[in-house]
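Engineer:
Residue numbers (the working numbering): 388 to 789.
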């Protein structure tokens, strides 16, 4: 009977993970479909105003969501973490509220800049949703995550219909999306505040949580910046075919990395709880093994592909192979980083330092390899960045243990 109950519990958990991933998948499909639909209806000239505004502030999503969500998933499952919930709610809501007010003021004072500020508010609104649904998952209420993202997905279908049927402008589309996000986020906040603890966190706990919210957001923010650097070097190289090919491959790589990052978020609370009960040094020892197994084979594969890419120049097959290696390296090194970040504050700072060196390595490698190998060179640069971070994580865990 006990085994049967365990199987049923595992099956229910698996179904919920599938539902959570399904909610995010529907959101992504709605996002891409709405974009393609708006491009087809508006034409490239009008659509450029929408795409340019969104693209210029895409980093705001990582800035407003990654750090606070990861910090909440790290601190709340253990100890007196429940007292920090209202702090994380404020961290989620404040950027969205400030940009929302800023957008309304801009519409009145400088309407010509309204589209740019609206796009920024939209990104902050989606980031707010990501943090809030993370808090629901911690409380064992993952259905809120699914429903919230299905509602956001529906808002993209709504704006596409309004644009086609009612001639909604770029600013109008952004305004409707912001309005829908505002409703979703308000519902999420009200539900959380009804059950949130009124216990005040200690000043030390508050300081640690705020520091973690900043440090844990560095990695994803720099990932976005690294992609922008690659596009910049591809533009300088001047081969439009390589840029377009890289864009298509990045849709594939980006979709897989987003899905993997989400799975790691789902696993983080249990990982934190496990590390809290494990013997000292367990987490760092695991990081050392993961980093070593990533670095060794990764150096051999990346080195071989880089040599071939530089020798052959722009090559579609080599670019595809390099993409596969980059994705595998990314999966391994981000998993190792999550373990290190879950150990303690020193681990979180070490992971952030590794992300900074990773970004620098990508930029330097891209400067060398993109002119010689195009898209293959861009993915080679990403591989080298992953290897640099693997070496940093190994060194940090080794120093701490010694």
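Using N, Cα and C, we set each Cβ at its ideal position, and we do this for glycine too.
Let me know the alpha helix (DSSP H) ranges lying completely inside the segment 416-490, each 4 residues or longer, listed in chain order.
Structural biologist: As far as the segment 416-490 is concerned, its whole alpha helix (DSSP H) runs of at least 4 residues are 431-443, 446-462.
Engineer: Going by C-alpha distance, which of 562, 702, 767 is nearest residue 488?
Structural biologist: The candidate whose alpha carbon is nearest that of residue 488 is 562.
Engineer: Just tell me which of 755, 757, 751, 724 has its CA closest to the CA of residue 742.
Structural biologist: Selected option, being the one with the closest Cα: 724.
Engineer: Quick one: any contact between the segment 708-720 and the segment 440-449, if contact means 3 or more CB pairs under 8 Å?
Structural biologist: Touching, no.
Engineer: Applying the 10 Å Cβ sphere with the 16-neighbour rule, what's the burial state of residue 680?
Structural biologist: Label assigned to residue 680: exposed.
Engineer: Is the beta carbon of residue 543 sitting closer than 8 Å to the one on residue 406?
Structural biologist: In this structure, residue 406 does not lie closer than 8 Å to residue 543 by Cβ.
Engineer: Measuring from the CB of residue 696, is there a heavy atom of the ligand SAH at a distance below 7 Å?
Structural biologist: You won't find the ligand SAH in this model; it holds no ligand whatsoever.
Engineer: Nearest-angstrom Cα distance between residue 682 and residue 778?
Structural biologist: When rounded, the distance between both Cα atoms is 7 Å.
Engineer: To test your reading of the DSSP string, which unbroken beta strand (DSSP E) runs of 3 or more residues are found completely within the segment 622-684?
Structural biologist: Runs found: none.
Engineer: Would you mind sorting residue 780 into buried or exposed? The rule is 16 or more other CB atoms within 10 Å of its CB.
Structural biologist: Per the 10 Å Cβ criterion, buried.
Engineer: Where does the unbroken alpha helix (DSSP H) through residue 560 begin, and where does it stop?
Structural biologist: Residues 557-582.
Engineer: Where does residue 497 sit, in a helix, a strand or coil, going by DSSP?
Structural biologist: Coil.
Engineer: By a C-beta neighbour count over all protein chains shown, 10 Å radius and 16 as the cutoff for buried, is residue 776 buried or exposed?
Structural biologist: When all chains shown are included, residue 776 counts as buried.
Engineer: Which whole-angstrom value is the C-beta distance of residue 662 and residue 668, which I expect to be below 8 Å?
Structural biologist: The Cβ separation is near 11 Å, so there is no contact.
Engineer: Exposed or buried, residue 722, counting other C-beta atoms within 10 Å across all chains shown (16 or more means buried)?
Structural biologist: Flag for residue 722 reads buried.
Engineer: Nearest to residue 645 by CA position, among 607, 493, 735, 524, is which residue?
Structural biologist: If we check each option's Cα against that of residue 645, 607 comes out closest.
Engineer: Along the chain, where does the alpha helix (DSSP H) that runs through residue 729 open and close?
Structural biologist: Neither: residue 729 is in no alpha helix (DSSP H) and is coded neither H nor E.
Engineer: Exposed or buried, which one is residue 689 when buried takes at least 16 other CB atoms within 10 Å?
Structural biologist: It counts as buried.
Engineer: Helix, strand or coil, according to DSSP, for residue 736 in the structure here?
Structural biologist: If DSSP states are grouped into helix, strand and coil, residue 736 belongs with the helices.
Engineer: Determine the burial state of residue 772: buried for a count of at least 16 other Cβ atoms within 10 Å of its Cβ, exposed for fewer.
Structural biologist: Buried.
Engineer: Using only the alpha-carbon positions, how far apart do residue 505 and residue 584 sit?
Structural biologist: The alpha-carbon atoms of residue 505 and residue 584 are separated by roughly 33 Å.
Engineer: Under the three-state reduction of DSSP, which class applies to residue 390: helix, strand or coil?
Structural biologist: Summary for residue 390: the model assigns pLDDT 36, below 50, so the residue's position carries little reliability, and this model does not support an answer.
Engineer: On a CA-only basis, which of 727, 642, 694 is nearest residue 714? Give me that one, please.
Structural biologist: The shortest C-alpha separation from residue 714 is found at 642.
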